[in-house]
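Chains as they are written, first to last, in my numbering: chain A, 10 to 427; chain B, 1232 to 1559. For every residue, glycine included, the Cβ atom is placed at its ideal position computed from N, Cα and C. If you're wondering where the values come from, they're calculated on a predicted model, not measured in any experiment. Everything below concerns the one structure shown next.
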């Protein structure tokens, strides 16, 4: 095995066996799957039977309240005796009392009693039902057919299509936005998380002075490369375990909770996105995401390694890390504009610059990127990686042997030319 | 130099940094199976020279030869290096750590395991293999460090301040191990400030000051070179000295730490000090003639002689003197 290989192997083994890694790797999927399971649980809890007794003294609202889901409306002819006591029975009960005289212009006189204040969903449903009925009544007063008014309300479903060489293809803007943004965020977190792991690793070797022994056996470049690759392997391993465990946990949760985890609350948006996912070419996207993940990480990790080599202790890293993280933060900000207009010149240029390309391409890819742009961006990524690694290696080579004063940027630049 | 090809030759090596010269035309030669002491004040360029030998950095000029061939990167596998500031991964088990470092020095996994077992047993740390460095005492950590330096059976071992921080018991253990290695034919390079280490263990020595070698050679030869022909005579009763060719010296001077201190300002007669059991010592320097002439003069007197011993200057004085002379 080459020396970089030995170094990478150590970096991987030491980290993968650490308590921190094991805890993070197990807790991550738990949190992720809770994101799926909690809505399902809530939906279930929500669907517990709730009975709302309606006493309509005005007689205007007969049939206005429609039972749906767990909420059941019951109409009462007479104001029931002792209903105040039955509220304390512990059952989920509500009483809606409507006054005898309702002024349609300024409607008032609706009272709702319950032990617990009603949830937003329940009170919305009641007010909606009342206002719908009042609207119908007003239309009738003016002699208009409410059915005609209903027919005026038209729901438009804009079908978005992309022209490709093969013809037309369905596309989903919502799905593309969500997938792109998620990927960009993950990319950002991944680079940050594992980039700072590289910094800490290098600083640890310098602070514990093991560096001096290491550089006597391994060329600094191999040492740097081994560390970067070893930590990349840690990141990928964690990622794979997360995805596998999350998928497994969600599957188990679905099996035990029964049914789809989506509640029957308004889900049109989510369902639309889920359906839209089908229109994306996932294998193509995943392989490109992976390319940008890895090349983006490598590009930054080299710089992070150089920063680690330049200082003696961890607290000195902050100031030097700041300029390196600016492009990352900028990319996330620009990404929000790019989502609005994926084909704009801004999008183009930021997805060509290797420092911002991983995040911006992640946003753009689901919308479709012309092949030549992609090819150019990917070549620039590879070139950028070689450039930063070359520069970082030169700083690293000098930095690992330097102890004492924290270097200035000017000194770092001079190290490159040594 | 007497032996044929030196093990390691450093030839006119120079290294310049941004605003200072670390090494300026430094030449040394290390002979196989000997201990070479590299001395010099802080900042003289010792660390730079060691880094160049370890090929951590390259020289700006000059070259290095190992057994007559130019030094190549593969030769790092034949070297062991223990820096002054000892360093190990704090959170790594010492067994794994030693294995890792041995593999980086080119040992196969199997060989490395065997060597780790061998050295850990030898240094009596085998029971700690699965402990992390941070859980060990300082002395234990230093044993681990030494084991890591010699695991891969290097032919050249470079030790920067080899005995600093060790307790006396461990210093003895380490000295024995170093002498064993030397007996096996390993060449050693010590970088140190401790003169007693040099006097006791090094056969060859070089003194670096301000990027240049200001003194080098065999330890015994250098001491002989700096000998000023002064002798200590122990005797019972008053001793008269020849009138010519002999200079009386104060006893306390240059006898080294720990000896009775005598006021050097007393008269010449009083410079004969009274030792215990009635034994007196007299310190003289020959300015003319030989020791035999002096001895003949002493023996002719009816004064019992106990010992006559040459007082050689310690490396401490030699170095301070040389460094002062080499200052511009």
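Whole-angstrom C-beta distance between residue j and residue i, which should lie under 8 Å
i	j	result
residue 1369 of chain B	residue 1396 of chain B	7 Å
residue 304 of chain A	residue 367 of chain A	7 Å
residue 1280 of chain B	residue 1254 of chain B	6 Å
residue 318 of chain A	residue 203 of chain A	No, residue 318 of chain A and residue 203 of chain A are not in contact; Cβ-Cβ is about 17 Å, not under 8 Å.
residue 185 of chain A	residue 341 of chain A	With 8 Å as the limit, residue 185 of chain A and residue 341 of chain A do not qualify as a contact, their Cβ atoms being about 18 Å apart.
residue 111 of chain A	residue 140 of chain A	Wrong, their Cβ atoms sit about 12 Å apart, outside the cutoff.
residue 1319 of chain B	residue 1376 of chain B	6 Å
residue 1268 of chain B	residue 1402 of chain B	That pair is no contact at about 16 Å.
residue 1307 of chain B	residue 11 of chain A	About 14 Å; that fails the 8 Å criterion.
residue 320 of chain A	residue 236 of chain A	Wrong, their Cβ atoms sit about 16 Å apart, outside the cutoff.
DSSP bridge partner residues for residue i (one or two, in chain order)
i	result
residue 122 of chain A	A:104
residue 1538 of chain B	B:1465
residue 1389 of chain B	B:1312 and B:1420
residue 64 of chain A	A:85 and A:106
residue 1204 of chain B	What the structure shows of chain B is the stretch from 1232 to 1559, and residue 1204 of chain B is not part of that stretch, so it cannot be assessed.
residue 1261 of chain B	B:1239
residue 1270 of chain B	B:1423 and B:1438
residue 326 of chain A	Answer is none; residue 326 of chain A lacks a bridge partner.
residue 1300 of chain B	B:1297
Cα-Cα separation between residue i and residue j, rounded to whole angstroms
i	j	result
residue 14 of chain A	residue 1332 of chain B	13 Å
residue 419 of chain A	residue 411 of chain A	15 Å
residue 1259 of chain B	residue 1242 of chain B	7 Å
residue 85 of chain A	residue 152 of chain A	30 Å
residue 306 of chain A	residue 240 of chain A	10 Å
residue 117 of chain A	residue 48 of chain A	35 Å
residue 124 of chain A	residue 103 of chain A	8 Å
residue 1388 of chain B	residue 1470 of chain B	51 Å
residue 421 of chain A	residue 1345 of chain B	43 Å
residue 1489 of chain B	residue 1547 of chain B	Low per-residue confidence applies at residue 1489 of chain B: pLDDT is 36, beneath 50, and the placement is therefore not dependable, though the value from the model is reported in the following sentence. One C-alpha to the other measures close to 15 Å.
residue 218 of chain A	residue 394 of chain A	29 Å
residue 75 of chain A	residue 291 of chain A	42 Å
residue 363 of chain A	residue 389 of chain A	6 Å
residue 423 of chain A	residue 1251 of chain B	15 Å
residue 377 of chain A	residue 314 of chain A	34 Å
residue 19 of chain A	residue 343 of chain A	38 Å
residue 1239 of chain B	residue 1324 of chain B	35 Å
residue 330 of chain A	residue 316 of chain A	7 Å
residue 1482 of chain B	residue 1515 of chain B	9 Å
residue 262 of chain A	residue 254 of chain A	12 Å
residue 51 of chain A	residue 43 of chain A	11 Å
residue 69 of chain A	residue 83 of chain A	15 Å
residue 1354 of chain B	residue 1378 of chain B	8 Å
residue 45 of chain A	residue 127 of chain A	25 Å
residue 96 of chain A	residue 138 of chain A	23 Å
residue 1351 of chain B	residue 1418 of chain B	22 Å
residue 1301 of chain B	residue 1293 of chain B	11 Å
residue 30 of chain A	residue 247 of chain A	8 Å
residue 1544 of chain B	residue 407 of chain A	42 Å
residue 359 of chain A	residue 350 of chain A	13 Å
Residue i versus the options, residue with shortest Cα-Cα distance
i	options	result
residue 1446 of chain B	B:1429, B:1277, B:1549 and B:1342	B:1549
residue 1535 of chain B	B:1509, B:1558, B:1523 and B:1515	B:1509
residue 1462 of chain B	B:1551, B:1540, B:1444 and B:1423	B:1540
residue 1311 of chain B	A:136, A:28, A:138 and A:222	A:222
residue 1237 of chain B	B:1262, B:1476 and B:1251	B:1262
residue 1336 of chain B	B:1422, B:1382 and B:1431	B:1382
residue 1277 of chain B	B:1545, B:1250, B:1299 and B:1314	B:1314
residue 1398 of chain B	B:1409, B:1476, B:1371 and B:1408	B:1371
residue 238 of chain A	A:256, A:34, A:206 and A:258	A:206
residue 71 of chain A	A:142, A:126, A:158 and A:337	A:142
residue 16 of chain A	A:228, A:369 and A:40	A:228
residue 23 of chain A	B:1363, B:1414, B:1421 and B:1274	B:1363
residue 1360 of chain B	B:1410, B:1326 and B:1380	B:1326
residue 1433 of chain B	B:1329, B:1477, B:1413 and B:1348	B:1413
Which of the residues in the stretch 12-36 of chain A, read from start to end, lie with their CB under 7 Å from any CB of chain B?
Closer than 7 Å at the C-beta level to chain B, one finds these residues of the stretch 12-36 of chain A: 12, 15, 19 and 23.
Check each residue of the stretch 222-247 of chain A: if its Cβ is closer than 8 Å to any Cβ of chain B, include it; give the result in chain order.
Listed in chain order, the positions of the stretch 222-247 of chain A with a beta carbon within less than 8 Å of a beta carbon of chain B are 222, 223, 224, 225, 226, 227 and 228.
Which of the residues in the stretch 1240-1254 of chain B, read from start to end, lie with their CB under 8 Å from any CB of chain A?
Contact annotation: in the stretch 1240-1254 of chain B, residues whose CB is within less than 8 Å of a CB in chain A are 1249.
Along the stretch 190-214 of chain A, where does the CB come closer than 9 Å to a CB of chain B? Name the residues.
For the stretch 190-214 of chain A, the set of positions with a beta-carbon nearer than 9 Å to some beta-carbon of chain B reads 213 and 214 in chain order.
Between the stretch 404-415 of chain A and chain B, which residues of the former have CB atoms less than 8 Å from a CB of the latter, in chain order?
Residues 410.
Under 9 Å, CB to CB, which of the residues in the stretch 375-397 of chain A have a partner in chain B?
Listed by position along the chain: nothing, the set is empty.
Any C-beta of chain A within less than 7 Å: which residues of the stretch 1455-1487 of chain B qualify?
If the cut-off is 7 Å between Cβ atoms, the stretch 1455-1487 of chain B has nothing near chain A.
Interfacial residues, the stretch 1329-1348 of chain B to chain A, with Cβ spacing under 7 Å:
The stretch 1329-1348 of chain B vs chain A, Cβ under 7 Å: 1331, 1332, 1334, 1335 and 1336.
Mind listing which residues of the stretch 105-137 of chain A have their C-beta closer than 8 Å to chain B's C-betas, in chain order?
When CB distances to chain B are screened at a threshold of 8 Å, not a single residue of the stretch 105-137 of chain A falls below it.
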